[in-house]
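The sequence shown begins at 4 in my numbering and counts up by one. Input: a single structure, listed below in C-alpha cells.
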Amino acid sequence: MQDQLISQKKSPNDINAVLMAGVSDSLSLDENKNLTDYLERGGNLFLTQNRIKTNLQVQQAFPIESDIFSIIKKYGFSIEENLVKTKYVVA
Numbered sequence: 004m005q006d007q008l009i010s011q012k013k014s015p016n017d018i019n020a021v022l023m024a025g026v027s028d029s030l031s032l033d034e035n036k037n038l039t040d041y042l043e044r045g046g047n048l049f050l051t052q053n054r055i056k057t058n059l060q061v062q063q064a065f066p067i068e069s070d071i072f073s074i075i076k077k078y079g080f081s082i083e084e085n086l087v088k089t090k091y092v093v094a
C-alpha cells in the first residue's frame, strides 16, 4: 500500500487489493482519502488489525487510536478493545 496507494495524490485504478497489517496510528489525510476512494470504487481490503497494543515485558496494554476503525465501520466491521489472556505459558 505504501508504494502504490498512499504515496500518490489519488488512488490508482489498477490495484486488485490492499493489504494493511497492524495500523498503529491514524492515516494521513491523503492516505485516508485514497483508501476511502478506493473502497468506494469497490476495491478489496485485507486488514489484520488489533485494537490493543501490548507490551508483555512490562505487562501493559494500551488501546490503539486510529481512523482505520471508522473507515471499516462504514462497511459493517468493528474491532473491540478486548484482550485475551491464557493461563498457559507458551515458550
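For glycine and all other residues, C-beta sits at the position ideal for the given N, C-alpha and C. Please read all numbers here as calculations on a predicted model, not as lab measurements.
Exercise. Leaving out the 5 sequence neighbours to the left and right, which residues in its chain are closer than 8 Å to N35 when beta-carbon positions are compared?
Worked result: If you number the sequence shown from 1, residue 35 lands on position 32. Excluding positions up to five away in sequence, the list reads S29, D70, I74.
For this session: Rank T39, F49, R54 by C-alpha distance to the C-alpha of V21 and give the top, closest one.
Result: To locate residue 21, count along the sequence shown from 1; it is residue 18. Comparing C-alpha distances from V21 to each of T39, F49, R54 shows the shortest one belongs to F49.
For this session: Mind checking which residues open and close the beta strand (DSSP E) that includes K76?
Result: Here residue 76 refers to the residue found at position 73 when the sequence shown is read from its first residue. Premise fails: K76 lies in the alpha helix (DSSP H), 71 to 76, not in any beta strand (DSSP E).
Exercise. What residue from I18, R44, V92 has the CA that sits closest to Y78's CA?
Worked result: Within the sequence shown, residue 78 is the residue found at index 75, counting from 1. Nearest option by C-alpha distance: R44.
Problem set entry | Local conformation of K88 per DSSP, three classes | What you label residue 88 is simply residue 85 of the sequence shown in a count that begins at 1. DSSP places K88 in coil when its eight states are reduced to three.
For this session: Compute the Euclidean distance between the alpha carbons of Q5 and L38, then round it to the nearest angstrom.
Result: As a working note, residue 5 is residue 2 in the sequence shown. As a working note, residue 38 is residue 35 in the sequence shown. Note that Q5 has pLDDT 48, beneath the 50 cutoff, so the model's placement of it is unreliable and the number below is only indicative. Near 11 Å, if we compare the C-alpha coordinates of L38 and Q5.
Exercise. Going by other Cβ atoms of all chains shown within 10 Å of its Cβ, with 16 needed for buried, is Y91 buried or exposed?
Worked result: Working through the sequence shown from its first residue, we reach residue 91 at position 88. Counting Cβ neighbours within 10 Å, Y91 comes out exposed, since fewer than 16 surround it.
Problem set entry | Identity of the residues DSSP links to N47 by a beta bridge | Taking the first residue of the sequence shown as 1, we reach residue 47 at position 44. DSSP lists A20 as partners of N47.
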